[in-house]
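In this note's numbering, the protein residues as written are 267 to 579.
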């Protein structure tokens, strides 16, 4: 089998999730072709899919050293830097990737995320004198309150741009819709801005601190949908010491059907706890606490989600 056919065989192994087989193929190819950027790149992809990030980084770096104009490898190098929380290096790699191939949408999206994270670092740095002891507000685990839902809020939320829930490729699953970005509170909509300001003020009172809204979004769950067990922390948070200052909020605008087998109970883990919200329920938990929810009602279940940082006084 020649090298080209071996590479194709390795790619097929990756597609079939036969990662050990793919690793062996590309490792053997690399012995004969150590300066081939594609082989280094595919070996990096194999390690990345196997969650071996150190080796993935090694081979993506090698691929871009051999061929600095390899746009896909630059993008994947940025992805690994991002997963390590090394956002400055991720930004450089994404910019190189986009300059080489402006059509790489993944690189554009991830670059926006990295630039938002740099804003967070700047905000924390400017306000760091206000931060004292960690775990000062650790009793918010969970914090539950009620906020009356405006009569026409549901109608206004349905007007924003959305995407299909199962296209997110994240912890959300099933039939439904969600906001097309993570900037719901920045919508040019008078009522949504009013709600955003009010929720922010509620949160500030709860944490006794100024806050930075990292993400705000809309989820519309329909029959047989929900979220798998997850946290709202990324490597960036821990690397920058923000994991104890980050909180996640869910505001239930409409809970849909609750006389069903899966009414959308908010399940919290470690320790296990269950919350069945009603219209207007607002729940805050530390972003590091694992949670999930499943829903099989016929009516839409509409929620606003917010991830935010607190300055602990």
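Cβ coordinates follow ideal geometry from the N, Cα and C atoms, glycine included.
Taking the Cα positions, residue 284 is about 32 Å away from residue 429. Scanning the segment 508 to 543 from its first residue to its last, the whole beta strand (DSSP E) runs of 3-plus residues come out as 512 to 520, 532 to 534 and 539 to 541. The distance from the Cβ of residue 489 to that of residue 432 is about 13 Å, inconsistent with a contact at the 8 Å cut-off. For residue 308, the enclosing alpha helix (DSSP H) begins and ends at 303 to 315. Three or more beta-carbon pairs separated by less than 8 Å link the segment 371 to 384 to the segment 326 to 346, which places the two stretches in contact. The alpha carbon of residue 500 has as its nearest neighbour, out of 487, 481 and 492, the alpha carbon of 481.
Sequence-distant Cβ neighbours of residue 415 in its own chain, meaning closer than 6 Å and more than five residues away, are 519, 545 and 546. For residue 571, the beta-bridge partners assigned by DSSP are 483 and 516.
In summary, residue 297 is exposed, with fewer than 16 beta-carbon neighbours lying within 10 Å of its beta-carbon over all protein chains present. Bounds of the alpha helix (DSSP H) holding residue 324 are 319 to 332. The beta carbons of residue 315 and residue 349 sit about 12 Å from each other, so the pair does not count as a contact at 8 Å. For residue 494, the enclosing beta strand (DSSP E) stretches over residues 491 to 496. Between residue 551 and residue 513 a beta carbon distance of about 7 Å is seen, short of the 8 Å cut, so the two are scored as contacting.
Contact between residue 353 and residue 378 does not hold, since the beta-carbon distance rounds to 12 Å and is not under 8 Å. In the three-state scheme derived from DSSP, where H, G and I count as helix and E and B as strand, residue 500 is classed as coil. Proximity of the segment 532 to 540 to the segment 443 to 456 falls short of the contact definition, fewer than three beta-carbon pairs being nearer than 8 Å.
Under the three-state reduction of DSSP output, residue 375 falls in the helix class. In terms of Cα proximity to residue 338, the closest of 317, 367, 332 and 331 is 367. A direct Cα-Cα distance of roughly 20 Å separates residue 457 from residue 566. In the three-state DSSP reduction, residue 349 falls in the helix class (H, G or I).
When the beta-carbon positions are compared, residue 548 and residue 541 stay at least 7 Å from each other.
For residue 443, the three-state secondary structure derived from DSSP is strand. Counting every other CB atom within 10 Å of its CB across the protein chains shown gives residue 507 a total below 16, marking it as exposed. Under the three-state reduction of DSSP output, residue 386 falls in the helix class. Beta-bridge annotation (DSSP): residue 548 is paired with 411 and 517. Assignment of beta-bridge partners to residue 428 by DSSP yields 445.
Judged by DSSP secondary structure, residue 272 falls within the alpha helix (DSSP H) whose first and last residues are 269 to 281.
Straight-line measurement puts the Cα of residue 420 at about 29 Å from the Cα of residue 474. The residue from 356, 331, 321 and 328 with its alpha-carbon nearest to that of residue 341 is 356. 7 Å or more divides the Cβ of residue 393 from the Cβ of residue 274. Counting other Cβ atoms within 10 Å of its Cβ, residue 559 reaches 16 or more and is therefore classed as buried.
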